[in-house]
Amino acid sequence: MSASTAGAEARRFGRSAGMLSAGVGAAGVLTYAYFALASHNLDAELYGELVVLWSVVFVSISVLYRPVEQLLSRTIAERRARGVEVAGALRVAATIQLAVAVGCALLMLALRAPLRDSLLSGSEDLYWVMFGAVLAFGASFYARGFLAGNRRFGLLAGLLICESASRAAFALAVALGIASGQSAVALGIVAAPCFSLLVVPLAFGRRAAGASPSPAP
């Protein structure tokens, strides 16, 4: 690799890393806005239940899915650096992630009553939000690993922002009177990972565009 090519690659990586840092910061601000709006529109008891719900979801997805996200990201990056195909790594990671999600779903169903009554104050709505969010984040974390491994840091930043913005939108809807109640605010927790996946087709679209042959002169 020539010095000019290496320099261009370093600058490109620096810009992408900067975009990712900005995305993480923006996601943090939007998450803060979500809870600020929720605390303003819910009484202390309902807001406390929402915080417990988010805490359970956040800890669960971090423990369950973060290892596969990091494994996938590292494996893709290493294989791309060696010029080795990554399809096998994608299948293995997807299988692991799916198995973890299915196992977690079965466990949550088996423990439905104690989870609902002990953690979520008996709320059926919050239980199903927790159930759906934990499963949906499995796909979102897989997408994060895929984008990071392929150095699509701009799209990864977009995923994080899309996730946090969509969650905050539900709290904003309640603040504006478009919706009402704890359940409406809580729906943002399960909707966020689903909306975050909207950026994934862009990754495949850019890959297809880059792989298409140039027209003959």
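Count the sequence shown with my numbering and you get residues 95 to 311, in order.
For every residue, glycine included, the Cβ atom is placed at its ideal position computed from N, Cα and C.
| Item | Value |
| --- | --- |
| Where residue 139 falls: helix, strand or coil (DSSP) | helix |
| CB-CB length for residue 127 against residue 254, believed under 8 Å | Their Cβ separation, rounded to whole angstroms, is 14 Å, which puts residue 127 and residue 254 out of contact at 8 Å. |
| Cut-off 8 Å between Cβ atoms - residues of its own chain near residue 169, not counting five sequence neighbours on either side | 180, 183, 187 and 243 |
| Between the CA atoms of residue 232 and residue 189 - distance to the nearest angstrom | 11 Å |
| C-beta contact flag for residue 262 and residue 124 at 7 Å | yes |
| Alpha helix (DSSP H) runs contained entirely in the region 197-270, provided each spans 4 or more residues | 218-243 and 247-269 |
| Length of the line joining the Cα atoms of residue 302 and residue 229 | Low confidence applies here, because residue 302 scores a pLDDT of 49, under 50, leaving its location unreliable and the question unanswered by this model. |
| 7 Å Cβ shell around residue 241 - same chain, five flanking residues per side excluded | 249, 250, 253 and 297 |
| Neighbourhood of residue 143 by C-beta distance below 6 Å, restricted to the same chain and skipping five residues each side | 215 |
| Beta-carbon separation (whole angstroms), residue 223 vs residue 284, contact threshold 8 Å | 5 Å |
| Residue burial classification, residue 287 (beta-carbon count within 10 angstroms, cutoff 16) | buried |
| Reference residue 148; option with closest CA among 294, 275, 290 and 279 | 279 |
| Extent of the continuous alpha helix (DSSP H) run through residue 291 | It is not in any alpha helix (DSSP H) - residue 291 carries neither H nor E in the DSSP assignment. |
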